[in-house]
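Participant: Sharing a structure below in structure tokens format, with a few things to ask.
There are 6 protein chains.
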Amino acid sequence: MTERFCQTDVLAVPRFANIATFMRAAQSPISPGLDIAIAGVPFDLGTAFRIGSRFGPAAVREQSRHVRLIHSVLKISPFDLCRIADVGDAPVRSFSIPDSLALIESFFRSITDIGAAPLAIGGDHTITLPILRAIVRGGPVALVHIDAHSDTLDKIQNERLCNGTPFRRAVEEGLLDPKRCVQVGIRETLFASDDHDWAKASGITMIFMDEFNTRPLSDVVAQIRTIVGRSDAYLSLDIDSLDPSFAPGTGAVEPGGFTVREVQQLLIGLLGIRFIGADLPEVSPLYDEGGRTARVAASLAFDQLCLLAYGRPKGRAEVGT
Amino acid sequence: MTERFCQTDVLAVPRFANIATFMRAAQSPISPGLDIAIAGVPFDLGTAFRIGSRFGPAAVREQSRHVRLIHSVLKISPFDLCRIADVGDAPVRSFSIPDSLALIESFFRSITDIGAAPLAIGGDHTITLPILRAIVRGGPVALVHIDAHSDTLDKIQNERLCNGTPFRRAVEEGLLDPKRCVQVGIRETLFASDDHDWAKASGITMIFMDEFNTRPLSDVVAQIRTIVGRSDAYLSLDIDSLDPSFAPGTGAVEPGGFTVREVQQLLIGLLGIRFIGADLPEVSPLYDEGGRTARVAASLAFDQLCLLAYGRPKGRAEVGT
Amino acid sequence: MTERFCQTDVLAVPRFANIATFMRAAQSPISPGLDIAIAGVPFDLGTAFRIGSRFGPAAVREQSRHVRLIHSVLKISPFDLCRIADVGDAPVRSFSIPDSLALIESFFRSITDIGAAPLAIGGDHTITLPILRAIVRGGPVALVHIDAHSDTLDKIQNERLCNGTPFRRAVEEGLLDPKRCVQVGIRETLFASDDHDWAKASGITMIFMDEFNTRPLSDVVAQIRTIVGRSDAYLSLDIDSLDPSFAPGTGAVEPGGFTVREVQQLLIGLLGIRFIGADLPEVSPLYDEGGRTARVAASLAFDQLCLLAYGRPKGRAEVGT
Amino acid sequence: MTERFCQTDVLAVPRFANIATFMRAAQSPISPGLDIAIAGVPFDLGTAFRIGSRFGPAAVREQSRHVRLIHSVLKISPFDLCRIADVGDAPVRSFSIPDSLALIESFFRSITDIGAAPLAIGGDHTITLPILRAIVRGGPVALVHIDAHSDTLDKIQNERLCNGTPFRRAVEEGLLDPKRCVQVGIRETLFASDDHDWAKASGITMIFMDEFNTRPLSDVVAQIRTIVGRSDAYLSLDIDSLDPSFAPGTGAVEPGGFTVREVQQLLIGLLGIRFIGADLPEVSPLYDEGGRTARVAASLAFDQLCLLAYGRPKGRAEVGT
Amino acid sequence: MTERFCQTDVLAVPRFANIATFMRAAQSPISPGLDIAIAGVPFDLGTAFRIGSRFGPAAVREQSRHVRLIHSVLKISPFDLCRIADVGDAPVRSFSIPDSLALIESFFRSITDIGAAPLAIGGDHTITLPILRAIVRGGPVALVHIDAHSDTLDKIQNERLCNGTPFRRAVEEGLLDPKRCVQVGIRETLFASDDHDWAKASGITMIFMDEFNTRPLSDVVAQIRTIVGRSDAYLSLDIDSLDPSFAPGTGAVEPGGFTVREVQQLLIGLLGIRFIGADLPEVSPLYDEGGRTARVAASLAFDQLCLLAYGRPKGRAEVGT
Amino acid sequence: MTERFCQTDVLAVPRFANIATFMRAAQSPISPGLDIAIAGVPFDLGTAFRIGSRFGPAAVREQSRHVRLIHSVLKISPFDLCRIADVGDAPVRSFSIPDSLALIESFFRSITDIGAAPLAIGGDHTITLPILRAIVRGGPVALVHIDAHSDTLDKIQNERLCNGTPFRRAVEEGLLDPKRCVQVGIRETLFASDDHDWAKASGITMIFMDEFNTRPLSDVVAQIRTIVGRSDAYLSLDIDSLDPSFAPGTGAVEPGGFTVREVQQLLIGLLGIRFIGADLPEVSPLYDEGGRTARVAASLAFDQLCLLAYGRPKGRAEVGT
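Those sequence lines, one after another, are chains A, B, C, D, E and F.
Those letters in the first sequence? Residues 7 to 327, per this note's numbering, in order.
Those letters in the second sequence? Residues 7 to 327, per this note's numbering, in order.
Those letters in the third sequence? Residues 7 to 327, per this note's numbering, in order.
Those letters in the fourth sequence? Residues 7 to 327, per this note's numbering, in order.
Those letters in the fifth sequence? Residues 7 to 327, per this note's numbering, in order.
Those letters in the sixth sequence? Residues 7 to 327, per this note's numbering, in order.
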């Protein structure tokens, strides 16, 4: 592994120094040899109410100065397993949803083209759609979706491409196989009594927070693993799945969410699933308190990075460390 | 149901738009036909230490823009069950406790006079006393009181009408039947060793946080339902019952409180109790962080609204929706 | 004058109480008899960088609780001179610039239709364009524009309808007469060396902050009055004309701006100009500090209200106070 | 001078260490030998709208860690001139205006009884009344009053003892000679057109901000000195005299106020007036930004301390430094 | 017990009044007769990344105004059991680690010399080392260490005396017996795979958060008590053991920590252990939100005070209450 | 000029996107061909009281997203005149003043070695000393120093290398010629009456704020230019020269400072002086409000960049624009 893909030495260099990248990964353009590309997606035009997640990638980069090198529980050291870089932000436009989605899709397509898996930091949840369009190539994939919201509405204010609809669009477009999709933590109050009808009818498994309260966490993990099976899968972790006390910095806060420890345990439970990509959307620094939400996002994104790194054996072989 | 009592259409109208009312309910004066009147009570002169809950109603109105229409778990749609309006704030005076309490009592009396049930957003906890004086008409009622504090002191600094005393006064005045009163979540450090003696002697059931830690939540719910029975009851939910990590914006913060999920489950467990009114006091925006506490209060007030709406069958019949 | 158009009595009713309206004006739909309609315009999709002024109207309403009844220097009491109401927010859409601009234009057209003058609280500066489209009826009008930015670019990221372009569009559409337009306080760093060429060529008078530093304020006032003359005129006061120390809560902060006292003196100097409408855009609460910017905006909007009220003799006559 | 009255050595001891007192003065009970007693007055029940200045003394103590020993311009070293101590807070009650005012008066009477001059840190502006009642002994004194508000209303919501009335009460009670009273910086919008009539009729000189804008500062200083003459005088400096950009942490913010440099120059200009006491009210930390207002208050209180110390020659003689 | 060591009467005196001390204890120099000395240690030069805990003692003093007199669960009233005082801050230097550590050690030595037990409020975790050097006199003691980090590295950036190393140094210096040391709550991501090797090899018992998630809390308490046995023991409670949602105001935030209720239950479970001293380091107000972390720290420090007071029978005997 | 040294196109790329560099300059290692190297210096161990400016460079980078390309008044486009890059942060150590100063000096020496001029963003004011040690090569240079503090003490708490002493050290070491040094804006209260004696005796010209209040700004500019003459000069602009209302985010706040407009005018007045380097220290984000101080710093640093770029004709020639 060349020095270029190494993380800054966190004991020798003070963590307050230098330009922040995601988890202090090396900066690199998208180029052959990368196993995992961490990218920002500063897009939030799909937000109907509390806009601002365009500032999410910058905030998560800054707070990821905290993250060290090795996972506390899994003992995985992703930078030793894989060649990982911060490839910067996907291009977007300030005024156009369709232009931005096309640019995002194209950017992630180039990541897939070089054989790397993406870890995307949002931006609002609309971004999952262009990412899936870019990276899903051999038929629909499975989904692990941790969120307060199902995001399977048909439209909001007549807009079909927004943060309330990406998973419906992705199923419609054959990118996700609803039978292998599972949503965990749903607890949103409803706009209308049929908000969840489509998702249920499609075959998506929804595990509501109310149900989660009454089941052992290990049981939920087992159910997720059964649903996903040995398929290629995508991991979408909305920061608003957490209770606002842990993650106030997000647009659509829903009191009554997961603790960080619960999400950490869920993620640990996913080790070994064949993830082809992951995202962490909806960090919105304008509503944050002292960078606290971005700090949690950085920590959970590191967990996602470990899951991605663990599942990419070729990268490990090539590195030969 | 006339359009006047309808909530703004939350999918068609952006939630950041228009003047905020409680849960986007229609504004209305107190007038016949209302089933539930949501009112602010911007009174905080009963606060010995960290004053400021006078700004609570405005903050909760603003944050209740988030709330949608249908309860996540109960699937209750209160605006379909009942005629509900935001009737504005009870009148108060800036310099006088007794004048303010008289004005508040009179305001809530007019709500009861038209046959509506009140949902009051505080203001400090003193407000429960004038509300009970206004709405209790056929003998003492039962009480479900979720709080970090018992609020049954005799006086603070010689003041008998303050936020540390309302439940003692209400029992003394025959508004509450202590045998049917239950307090959940008490965890305050004590001024003196006899702080809770009167409450215990009166027959009020106190479930301390220390005890709550060791019992299943469903067991506590069952006990509450047994104590309250089929009586008319009042529901008082102090925001400081929550741990400060969930609700920092309050005067008398007591570390070690409920999670939002616990309070949500407690409230769900109360469905079917015959509540004649409810309040949510002690939201204090000056100590809040980005409106986060007011956001939680809006969410829990919506839960209270569902409990009130469910228990008012006449309203449902008349509406005929 | 009916009670309906009166401002709440600020000495008898505590200012923290009740639902906030602009300067505690009565709420009213747009209806005949109004002289001045104060309206929120929660539109910010024209913002390329720091979005968020959609929350401006709500914040200014809340902070305008501070404003009393009579101007400190002019001794004008606008609520005694005119029938004034808070007519709520113009309708907007969360995802569409053109749909929103059409809705805003239609809303302000209805204000002009009843013979009232609008005072619009933004929202981003794009809103001036649909307002001018709605209210300019007998040929181009004059403009007093106080701002850090000229807002006469042709486009930003290919978008011709955004907050960097409204005055160029308005001149192009014949709504403004550039010879009678004056911009005061311009101090923006430039994207390109020709940023101001169009404005200068069009005949708009630009008074840069650098020039303002060296001239007596009274001299600037005299020049503005000469340029505007006795024409009908529009008054657009961008909150970012103020130095960020006075108004941090805005998107495009430019250090080195006006003091509040300077803007107050400029506004006082405009008394008697025949204003047909006014706006105060770019208040962005997400960047504010404790509502401070919204507080200043409320104060300056009251000054604008005095200028509008003073210039509407018919209203005064009819009121007969 | 005993060590007990010395300020902590600011170069040897880090200023973040130890319990904060006003300007790191020694703590002392009120006892003979003191020349100047700095006292907190945590009373804010006289506040009709934005309460919270009860927390002012604690915040100013904390921020006065910044202040060093010698005035930047005057080169006065008050701790070398006089025996100065932080005598703690005046006693107050949480629920009663009259009880609190009586306790405050008694506390300051004991300061006068030992021959010391008080410097009082508020608390709301009501406190000036009991202080004057305590310390004015040989007939009415002169007043230099720097404020955004005249505070000479008769009552607010029927309350005659509140922060809008102290100077009216003090004149009525013969504590102040209105002919030798001057108010500088008044800029409040008015509740009613006669708000200032009583003050003007009484003979108090009011210098409005609008007038201040057009006069040299030195001219204003000269006028103040002429009005006060060689009388004993009291100095009341309301923190809201400053523009909110300098002092956001106060209840009744009025945009368009003094800069800090202007108030510093005004205070320097008062050197030599025979001040018998001074106060600095209305610091309200709940509205402050990072202690910034309390920091300014600490700085200006140090300036007041220099003025008091300079005018107390006996202390100087005894010290014999 | 003389009045001097009494806590301010919290019902009679408003808690916002007077100069703040730790839990409103009397201020006192270190002098014979004290049973417990509460001291601030404003040292943070041992912090590699997010410095600022030098401001911790001041913040905890301020927030400890909230604490009342008697423990909610244990019903212990420490001020009745022991003579307790706030002895001020240990002296430190702004620029030198060794000079500061020597001064701290000397300060705590004087506390031990008079027979009192210290309760130290940090300051960063380096402070535990000089405290142990001062108070451990008859051979190594046991340790209960609640923390997100093991703090047993050899050095950071070549510095052997910093907040990542104190427990390694203390074991090396014979101050702690590693076999009787237990660390609870460790969850840090690792700098290197051998970060914990020394601690494990030394015999220190480490209970990781991952393990804690799967065990009953009572079981963990029992294990701690077995490890500590009847030895003299020291109690070190790092505020970052709490999840950042409860305690954001600290330097090295690690998402996924204890709830306050868990730490409260752990502390209650330690009643009866023979603690010779205790500390609560790493409160860093610059990262706090409205004093919330300092509030929690004050509450937990009161719990520590109860444990210390309960275990000092001589003090109890002498007091004779 | 290769694309590598170009600034991101600010109209085409949203300014919220991508990793922030100083003024969106290209990132580059220190390498031949650079004319101006912008560097962060995250060192704050020279701070006796309110530490935290180690986070300054990151904050200024983030806020410099705002800055566009061409100076508002001077019309200088520095990126067209010179090859400019963000060269990252100087290396520092978390625990050692001397090690850090040596590393900083070495880093800036490499900048001078390639013939580039440095623009350094602090970090505390200590950093000026190692920078001067690195870049002053042909005898002492002149100094323009804008600051609230003289920073010419001999030591603080026995430390001779801290932020209160750099200019004394630099004169002692023959790096600065005191006769050609001018300090503007000094207004600090004094630790001792002789604080400024050394500076005055050395021949440094000190222009105090009190004097500045009474002189035309243009007159001060002329005096500065006379003192500096045609020498090589260094420009040190302490952010605390500004009033805290403009720049609250700094350690040693001194109420009563410059407005931003004054400093902007001072800087414009310096055009043509032969600056060999410049710095902007003491931005301390932990005390900032929403990045506001860092925003001002970014703006003033851009002004400094224009001054540096204008004075480097060789760079201009080579570029061949």
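Heads up, the beta-carbon is just placed ideally off N, CA and C, and yes, glycines get one too.
#1: Inspect the beta-carbon positions of residue 127 of chain F and residue 258 of chain F and report whether they are closer than 8 Å.
#2: Are the CB atoms of residue 148 of chain C and residue 237 of chain C within a distance shorter than 8 Å?
#3: May I have the straight-line CA-CA distance separating residue 31 of chain A from residue 27 of chain F, to the nearest angstrom?
#4: Could you name the residues of the same chain whose beta carbon sits closer than 6 Å to that of residue 23 of chain E, not counting the 5 residues immediately before and after it, in chain order?
#5: Where does residue 171 of chain C land, buried or exposed, given buried means 16+ other C-beta within 10 angstroms?
#6: From the DSSP secondary-structure annotation, give me the bridge partner or partners of residue 124 of chain F.
#7: Rounded to a whole number of angstroms, what is the C-alpha to C-alpha distance between residue 165 of chain A and residue 211 of chain A?
#8: The beta strand (DSSP E) spanning residue 184 of chain B covers which residue range?
#9: Using a Cβ-Cβ cut-off of less than 9 Å, give me the residues of the segment 221-244 of chain C that come near chain B, in sequence order.
#10: Whose C-alpha, out of B:42, B:287, B:274, B:279, is nearest the C-alpha of residue 155 of chain B?
#11: Can you find a CB in chain F that lies within less than 8 Å of the CB of residue 10 of chain A?
#12: Please classify residue 207 of chain D as buried or exposed, where buried requires at least 16 neighbouring CB atoms within 10 angstroms.
#13: Per DSSP, which one or two residues make a beta bridge with residue 242 of chain E?
#14: So that I know if they touch, is there some Cβ in chain D lying closer than 8 Å to that of residue 216 of chain F?
#15: Please report how far the alpha carbon of residue 10 of chain E lies from the alpha carbon of residue 161 of chain F, in whole angstroms.
#16: Taking all protein chains shown into account, decide if residue 56 of chain B is buried (16 or more other Cβ within 10 angstroms of its Cβ) or exposed.
#17: Taking the straight line between their C-alpha atoms, what separation do you get for residue 38 of chain E and residue 279 of chain E?
#18: Distance, Cα to Cα, residue 251 of chain B vs residue 134 of chain A?
#19: From this set, B:200, B:97, B:125, B:136, which residue's C-alpha is nearest residue 163 of chain D's C-alpha?
#20: So, residue 153 of chain E versus residue 92 of chain E, is the Cβ gap smaller than 8 Å?
#21: Would you mind listing the beta strand (DSSP E) stretches within the segment 53-102 of chain B that are 3+ residues and don't spill past its ends, in chain order?
#22: Assuming residue 294 of chain E and residue 255 of chain E are in contact, meaning their beta carbons sit under 8 Å apart, how far apart are those beta carbons, in whole angstroms?
#23: Using a Cβ cut-off of 8 Å, which residues of the segment 152-168 of chain F contact any Cβ in chain D, in chain order?
#24: Compute the Euclidean distance between the alpha carbons of residue 29 of chain D and residue 71 of chain D, then round it to the nearest angstrom.
#25: Looking at C-beta atoms only, is the number of pairs between the segment 62-70 of chain E and the segment 110-128 of chain F that lie closer than 8 Å three or more?
#26: Check the C-beta distance from residue 74 of chain A over to residue 197 of chain E and give it rounded, since I have them as a contact under 8 Å.
#27: Tell me which residue opens and which closes the beta strand (DSSP E) that residue 214 of chain A is part of.
#28: Can you tell me whether residue 290 of chain F is buried or exposed, with buried defined as 16 or more other CB within 10 angstroms of its CB?
#29: Less than 6 Å between C-beta atoms, sequence neighbours within five positions excluded: which residues of the same chain meet that for residue 317 of chain B?
Facilitator: With the given structure in hand:
#1: no
#2: yes
#3: 16 Å
#4: none
#5: buried
#6: F:43
#7: 25 Å
#8: 182-192
#9: none
#10: B:287
#11: A caution first: residue 10 of chain A carries a pLDDT of 45, below 50, which makes its placement in the model too unreliable to give a value.
#12: exposed
#13: E:151, E:285
#14: yes
#15: Interpretation of residue 10 of chain E is limited by its pLDDT of 45, a score under 50 that renders its predicted location unreliable; the figure taken from the coordinates is listed afterwards. Each residue's alpha carbon lies about 40 Å from the other.
#16: buried
#17: 24 Å
#18: 31 Å
#19: B:97
#20: no
#21: 90-95
#22: 3 Å
#23: 162, 163
#24: 6 Å
#25: no
#26: 5 Å
#27: 211-214
#28: buried
#29: 280, 281
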